[in-house]
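Take a look at the structure below.
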Amino acid sequence: MDHLAIEVESLCKSFNGTQALRGVSLRVAQGEMVALLGASGSGKSTLLRHLNGLHRADAGPGSMVRVLGRTVQSGGLLARDVRAQRAEVAAIFQQFNLVDRLPVMVNVLAGALHRLPMWRALLRRFPENELNRAYQALQRVGIERCAWQRASTLSGGQQQRAAISRALVQQARVVLADEPIASLDPESSRRVMSLLAELNRELGVTVLVSLHQVEHAFAFCPRTVALRAGEIVYDGPTRELDAPRLRALYGTQSDELLGPPQPADGIAQAQPWQLPVLHAA
Ligand code: ADP
């Protein structure tokens, strides 16, 4: 079906006897922004890594991953052209996003490599239109002043914004973000989530973002897929995933998802399921 960005059927994955995914099936339409929620170890990262072929599922009939209508893996075997498929899929991880010793600009231009002839890629001789595109992408996320700094000198939030710029330069149609705000302060987290939401809303990019806590799913993602011990235990509107439901699904693990107790003033006093929807600036 053309309108599906992500299709997953009966995905199982075990690591040395630990079953990380147990028969996961999921469909995400193009243009959706979906939160992947779950406590540590529930399988979020493992699922995301299957979507761009970084992990192979256990062999088994019926297991399949398709992204933008193209098979990434089937029955535990990767598609031959899996590298080419990654051109349209951007991965934003919690860490290891950028090459530390290279300037931010070069990291962002890496998003253009799949469009360039090999000699340009090897010599890092980028044509002017790609340089302009990269600069505009940095402007869009508000870090153009850092363009020629080494990536290692950026803060965590700025690094994630650089990774979003790279996805823009890549002209990705799907963004897979694995806990992109896990180690950021609240303001940087909001900024990064706003930018992902902007990509989704303004450019129609499909975003699947794993989150450790439910607060940002409420603010930015209309749909949530919740995992527990490698199984999908909820798939539906985020607004219906209230605290009692989280407790029913996760038991004592729900505390991890609801976040730390908030200070007793202002908006922080509200429970996550009462937070107003934040719109991207
Ligand atoms: P989450 O992203 O929700 O924190 P993960 O997908 O990282 O969860 O992990 C799911 C389960 O799979 C955990 O039990 C984890 O220990 C295990 N696991 C994940 N990756 C590996 C790996 N490379 N080797 C061994 N076990 C792994």
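In this note's numbering, the protein residues as written are 268 to 548. Cβ coordinates follow ideal geometry from the N, Cα and C atoms, glycine included. Keep in mind it's a predicted model, so treat the numbers as computed, not measured.
Under 7 Å between C-beta atoms of residue i and residue j
i, j, result
"M372", "A401", "yes"
"R353", "N396", "no"
"A302", "A430", "no"
"A324", "G343", "yes"
"L293", "V275", "yes"
DSSP state of residue i mapped onto helix, strand, coil
i, result
"L376", "helix"
"S422", "coil"
"E502", "Sequence check: residue 502 is Asp here, not Glu. D502: strand per DSSP, three-state reduction."
"D562", "Nothing can be reported for residue 562: it is not among the residues displayed for the chain, which extend from 268 to 548."
"L227", "Because the chain spans 268 through 548 in this model, residue 227 falls outside it and cannot be assessed."
"I448", "coil"
Beta-carbon proximity list for residue i, same chain, < 6 Å, skipping 5 on both sides
i, result
"P543", "Caution applies to P543, whose pLDDT of 34 falls short of 50 and renders its modelled position unreliable; the value that the coordinates give is listed next. If we look at P543 and ignore the five residues flanking it on each side, it has no Cβ neighbours."
Alpha carbon of residue i to alpha carbon of residue j, nearest angstrom
i, j, result
"T338", "R316", "14 Å"
"R506", "V459", "21 Å"
"L478", "C488", "11 Å"
"G378", "Q437", "4 Å"
"A510", "N283", "34 Å"
"L335", "V476", "17 Å"
"Q286", "R468", "36 Å"
"Q520", "Y501", "15 Å"
"V408", "E446", "19 Å"
Own chain partners of residue i with C-beta closer than 8 Å, once the 5 adjacent residues on each side are dropped
i, result
"G290", "S277, L278, C279 and E498"
"T420", "C413"
"L524", "L304, G305, A306, H479, Q480, V481, L513 and Y517"
7 Å CB neighbourhood of residue i in its chain, flanking five on each side removed
i, result
"E411", "Y402 and L405"
"V366", "N374 and A418"
Check: residue i C-beta below 6 Å from any heavy atom of ligand 2
i, result
"S521", "What this structure holds is ligand 1, not ligand 2."
- Item | Ranges of the beta strand (DSSP E) found wholly within the segment 278-348, counting only runs of at least 3 | 285-296, 300-304, 331-334 and 337-341
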